[in-house]
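Let me begin by presenting the structure, written as C-alpha cells, before commenting on it.
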Amino acid sequence: MKRQLVVYLVSLAAFLGPFTQTIYTPILPEVREAFATSSFLINLTISIFTFFLAMMQIVYGPLTDRKGRRTVLLGGIVIYIAASLGCFFSTSIYALLFFRALQAVGIAAGSVVAATVIGDLFTGKERGRAMGTFQMMVSLGPVVGPIVGGFLAEHFPFRTVFLALVAVGGLVGAGNFLLLKETKPETAVSSPFRLSDFASVLRRRAGSSIVLLGFVQYYSLYNFLVFLPSILTDRYGLSAQEKGTVYLAMSSMIVIGSFLGGRLQGRFPERRILLAASYLTVLSIFFFLIAAQRSLSLLVLAIALFGLFLGLSLPVQTTVLTNVFQANRSTAIGVYNFFRYMGMAFGPMIGSALFAAGGYHLVYGMDDLLFFACALLLTVRVARTRRQSAV
Numbered sequence: 001m002k003r004q005l006v007v008y009l010v011s012l013a014a015f016l017g018p019f020t021q022t023i024y025t026p027i028l029p030e031v032r033e034a035f036a037t038s039s040f041l042i043n044l045t046i047s048i049f050t051f052f053l054a055m056m057q058i059v060y061g062p063l064t065d066r067k068g069r070r071t072v073l074l075g076g077i078v079i080y081i082a083a084s085l086g087c088f089f090s091t092s093i094y095a096l097l098f099f100r101a102l103q104a105v106g107i108a109a110g111s112v113v114a115a116t117v118i119g120d121l122f123t124g125k126e127r128g129r130a131m132g133t134f135q136m137m138v139s140l141g142p143v144v145g146p147i148v149g150g151f152l153a154e155h156f157p158f159r160t161v162f163l164a165l166v167a168v169g170g171l172v173g174a175g176n177f178l179l180l181k182e183t184k185p186e187t188a189v190s191s192p193f194r195l196s197d198f199a200s201v202l203r204r205r206a207g208s209s210i211v212l213l214g215f216v217q218y219y220s221l222y223n224f225l226v227f228l229p230s231i232l233t234d235r236y237g238l239s240a241q242e243k244g245t246v247y248l249a250m251s252s253m254i255v256i257g258s259f260l261g262g263r264l265q266g267r268f269p270e271r272r273i274l275l276a277a278s279y280l281t282v283l284s285i286f287f288f289l290i291a292a293q294r295s296l297s298l299l300v301l302a303i304a305l306f307g308l309f310l311g312l313s314l315p316v317q318t319t320v321l322t323n324v325f326q327a328n329r330s331t332a333i334g335v336y337n338f339f340r341y342m343g344m345a346f347g348p349m350i351g352s353a354l355f356a357a358g359g360y361h362l363v364y365g366m367d368d369l370l371f372f373a374c375a376l377l378l379t380v381r382v383a384r385t386r387r388q389s390a391v
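End of the sequence shown sits at 391 in UniProt numbering; the numbers just go up one at a time, nothing left out.
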C-alpha cells in the first residue's frame with residue numbers, strides 16, 4: 001500500500017463533504033423554480049445536509065474504531081453515490097430533502113476515516129505533513145465547489161450537478177476500494193457504542209482544548225461567509241462575481257495555510273503553532289474590524305490573513321488528537337468534527353441576532369472576543385502542562 005497515494009485518496013473522500021455542499025449552492029434558484037417551492041424549504045436542503053453531516057460524526061467515530069476504516073469508508077461512499085442518484089431523480093422537494101440528508105449520512109464517513117487512517121499510517125513529523133495534505137484537500141472543497149457548480153449550472157441542466165457528484169463519488173470509491181487496505185491497529189478499541197466514549201475525549205485537557213478551538217474557528221468562519229456579502233454590497237457595491245473573488249482570497253489562503261501548517265509541525269512544537277495561530281487570528285479579526293469600512297484592499301488583506309492563520313492551525317489540531325487518543329482515534333476525530341460542524345451551524349444563527357442588534361461590528365467583535373478567550377485558555381492549559389511535566 002503506497003502511503004502517500006492513500007493519503008490523497010482518503011482525503012478526497014473527506015473533500016467530498018464540503019464540495020457536495022458548495023457545488024449545490026449555485027443551483028438553488030433553479031431548484032426552487034423546478035420544484036415551485038418556498039425559500040424556506042430550499043434553504044432547508046442546505047441546513048439538513050449540515051445537520052446530518054454533524055450528527056453522523058459521533059456515529060462514525062466509534063463505528064470506525066469498532067468495524068475498521070476500510071469497511072466504514074466504502075460503505076459510506078456507496079450510500080453517498082446512491083443518495084446522489086436519488087437527488088438526480090427526485091420529483092419533489094421532499095424527496096430531494098430526504099436524499100440530501102442521505103448524502104450527508106454517507107459522506108460524513110470521509111472526514112472521520114481519513115484523519116484516522118493518517119493517524120494509523122504515520123508517526124512524528126510524517127504524520128504532521130500528511131495531516132497538512134489532508135486539511136489542504138478538505139479546504140479545497142469550498143473553493144472548487146462553487147466554481148464547478150456555477151460552470152455546470154451555466155452550461156447544463158441543474159440536475160447535472162448531481163450526476164457529477166455520482167461520477168466523482170464513483171472514482172473516489174473505486175480508488176479506495178483498490179488501494180486502501182485495513183489500517184486498524186490491534187490496540188484500537190472495539191467496544192460497543194457508549195456515550196462515555198465522548199465524555200472521555202472531552203475530559204482530557206488536550207481533547208477539550210482542541211474541540212473548543214475547532215468550534216470557535218468554524219463559528220467565526222461561517223460568520224464571515226454569511227455576513228461579509230452585506231459589507232461588500234452595501235459599502236463597496238460589488239457584483240456577485242466580484243464578491244466571489246473576494247471569498248477566493250480567504251479560501252485560497254486557508255488551503256495555503258493548511259499546507260504550511262503540516263510542514264511547520266516538523267520544525268516547531270504543535271502547542272506553539274496552535275498558540276501563535278490563535279493569537280494571530282485574534283489580530284486578523286481586529287484588523288478586519290478596523291479595515292472593513294476603510295478600504296476594499298485592506299478588507300481583502302484582513303480576510304486573507306484570517307484564512308492563512310486558520311489554515312495553519314487545522315492540521316495541527318488533528319495531529320494532536322491522533323497523537324493523544326491513539327487507541328480510539330476515530331472517536332476523538334468524530335467528537336472534534338461534531339463540534340466543528342455545530343460551530344458552523346450556530347455561527348450564522350447567533351450572528352443573525354447580533355447583526356440585527358449591532359451590525360457587523362457586534363458580530364465580528366464577538367468573534368474576536370471568543371477567539372481571544374479561547375487563546376487565553378489554551379495558554380493557561382499549555383502552561384499547566386509544562387509545570388506538571390517539570391515536576
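All residues carry an ideal CB built from backbone N, CA and C; glycine is no exception.
Distance between beta carbons of residue j and residue i, contact taken as under 8 Å
i           : j    : result
residue 399 : V112 : Here the chain comprises residues numbered 1 to 391, so residue 399 is not present and cannot be evaluated.
G128        : A332 : About 17 Å separates the two Cβ atoms, so there is no contact after all.
V31         : I42  : 6 Å
G149        : I27  : 6 Å
V7          : F215 : In fact, because the Cβ distance is near 26 Å, the residues do not count as touching under 8 Å.
I58         : G343 : Not quite, the Cβ-Cβ distance comes to about 15 Å (not below 8 Å), so this is no contact.
A83         : F49  : With a Cβ gap of about 10 Å, A83 and F49 do not count as contacting.
Buried or exposed (CB count within 10 angstroms, at least 16 for buried), residue i
i           : result
F151        : exposed
G358        : exposed
I77         : buried
Y94         : exposed
R384        : exposed
S239        : exposed
L16         : buried
L5          : exposed
P29         : exposed
D65         : buried
F89         : exposed
V391        : Confidence is the limiting factor: at V391 the pLDDT is only 46, short of 50, which leaves the residue's position unreliable, though a coordinate-based value still follows. Looking at its Cβ environment, which holds fewer than 16 other Cβ atoms inside 10 Å, V391 is exposed.
S183        : The amino acid at residue 183 is misidentified as Ser; the sequence shows Thr. T183 comes out buried.
P62         : buried
residue 400 : The structure shown has nothing for residue 400, since the chain only spans 1 to 391.
F99         : buried
G237        : exposed
I290        : exposed
F156        : exposed
residue 396 : Any question about residue 396 goes unanswered here, given that the chain covers just 1 to 391.
When the options are compared against residue i, the one with the closest alpha-carbon
i    : options                   : result
R381 : F198, R204 and P315       : R204
P185 : D120, D368, V172 and V226 : D120
V300 : M250, M342, Q326 and L289 : M250
S220 : R340, L298, F98 and E30   : R340
L102 : I81, L296 and V201        : I81
V138 : A302, A14, V105 and F371  : A14
H361 : V335, L378 and L228       : L228
L321 : I118, R70 and I107        : I118
S258 : L310, K243 and F224       : L310
F161 : V211, G173 and P146       : Note that residue 161 is Val in the sequence shown, not Phe. The shortest C-alpha separation from V161 is found at P146.
L180 : E126, G124, S209 and T116 : T116
Any C-beta of chain B under 8 Å from that of residue i
i   : result
V10 : Going by chain labels, chain B is absent from the structure shown, which holds only one protein chain.
Contact between the region 257 to 277 and the region 342 to 360 (3+ Cβ pairs under 8 Å)
In short, these stretches do not touch, since the Cβ pair count stays below three.
Would you call the region 160 to 170 and the region 16 to 34 touching, i.e. three or more CB-CB distances under 8 Å?
Flag = yes, the region 160 to 170 and the region 16 to 34 touch.
Does the region 269 to 286 come close enough to the region 305 to 319 that 3 or more CB-CB pairs lie under 8 Å?
Below 8 Å, enough C-beta pairs join the region 305 to 319 and the region 269 to 286 to call them touching: three or more.
Touch test, the region 361 to 372 against the region 273 to 291, Cβ-Cβ under 8 Å, three pairs minimum:
Touching, per the Cβ criterion.
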